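**Student:**
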Amino acid sequence: METSVRLVVNGREHALNVRCDETLLETLQDRLGFSSVRETCGIGICGACTVLADGRPLSSCLLLSALADGLTVTTLEGLAGPAGELHPVQQAFLEQQAFQCSYCTPGMILSVVALLAENPSPSTDDAVAYLAGNLCRCGSYLRILAAVQDAAQRLRTSTVS
Ligand code: FES
Ligand code: FES
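Residue numbers (my numbering): 29 to 189.
1) Below 8 Å, how does it come out for the stretch 171–180 and the stretch 124–133: are there three or more Cβ pairs, yes or no?
2) Threshold first: 4 residues or longer. Then list the alpha helix (DSSP H) segments lying entirely within the stretch 140–189, N to C.
3) Within 7 Å: the Cβ of C166 and any heavy atom of ligand 2?
4) Going by C-alpha to C-alpha distance, which of G72, V37, T152, Q181 sits closest to L163?
5) Around ligand 4, what residues have a beta-carbon under 6 Å from a heavy atom of it, in chain order?
6) When DSSP builds the beta bridges, which residues end up paired with H42?
7) When the Cβ atoms of the stretch 95–109 are set against those of the stretch 174–188, are three or more pairs found closer than 8 Å?
8) What is the DSSP secondary structure of L107, counted as helix, strand or coil?
9) Relative to the C-alpha of Q119, which residue among C129, V141, S149 is closest?
10) Might you give, ordered along the chain, the residues of its own chain that have their beta carbon closer than 7 Å to the beta carbon of L90, omitting 5 neighbours on each side?
11) Starting from V101 and walking both ways along the beta strand (DSSP E), at which residues does that stretch end?
12) Rounded to whole angstroms, what's the CA-CA distance from D82 to F62? Just pull it up for me.
13) Can you tell me the Cβ-Cβ gap for V65 and L80, rounded? I've got them flagged as a contact below 8 Å.
14) For L95, tell me which candidate among N45, G70, P150 has the shortest Cα-Cα distance.
15) Quick one: is the Cβ of T133 within less than 7 Å of any heavy atom of ligand 2?
Structure (structure tokens):
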């Protein structure tokens with residue numbers, strides 16, 4: 029059985045027919061081709077499937093697409109600027125080498141974008157608490173935390189200038 033939904037993903041509206049048991053993760057990854065949205069646990073523990081839903085981090089494996097009608101979603105593919113320039117958080121992850129296998133990286137970057145939108149100057153403890161739902165099996169946490177501070181600095185600077 030299918031139902032129709034409308035989603036705005038990375039600024040583009042999509043009218044879709046989705047299965048009633050289809051998760052937002054499946055819709056984004058399989059139907060719309062956003063390969064940055066990754067599945068690992070499938071039960072809301074790892075954060076690899078994180079997207080921004082109306083600006084807040086969401087584990088897309090936990091939401092049925094049938095219940096996501098009208099949602100505005102951002103995936104990693106939606107962060108870059110119009111000329112393909114990296115988002116400051118992406119640039120910070122790159123320069124701090126805040127990844128190894130990079131499987132967790134899209135979800136981690138999106139959570140950091142949301143963190144810095146809520147709190148432009150997070151302490152390390154603030155960042156650890158906010159990112160608790162994003163697991164990195166490679167243990168890149170120290171570099172990720174360095175990237176958070178780097179990105180915060182970049183964003184504060186770009187706001188001032
Ligand atoms: S795949 Fe969604 S939280 Fe792990
Ligand atoms: S960089 Fe490998 S899981 Fe995080």
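Quick reminder that beta carbons are idealized off the backbone N, C-alpha and C, glycines included.
Predicted model only: the values in this text are computed from it and were never measured.
**Tutor:** This is what the structure holds:
1) yes
2) 152–158, 169–188
3) yes
4) L163 has its Cα closest to that of G72, out of G72, V37, T152, Q181.
5) In the structure shown, ligand 4 is absent; the only ligands present are ligand 1 and ligand 2.
6) L35
7) no
8) coil
9) The option with the nearest alpha carbon to Q119 is V141.
10) Cβ neighbours of L90 beyond the five flanking positions: G72.
11) V101 -> beta strand (DSSP E) spans 100–102.
12) Their backbone Cα atoms lie some 17 Å apart in a straight line.
13) That pair is no contact at about 11 Å.
14) N45
15) yes
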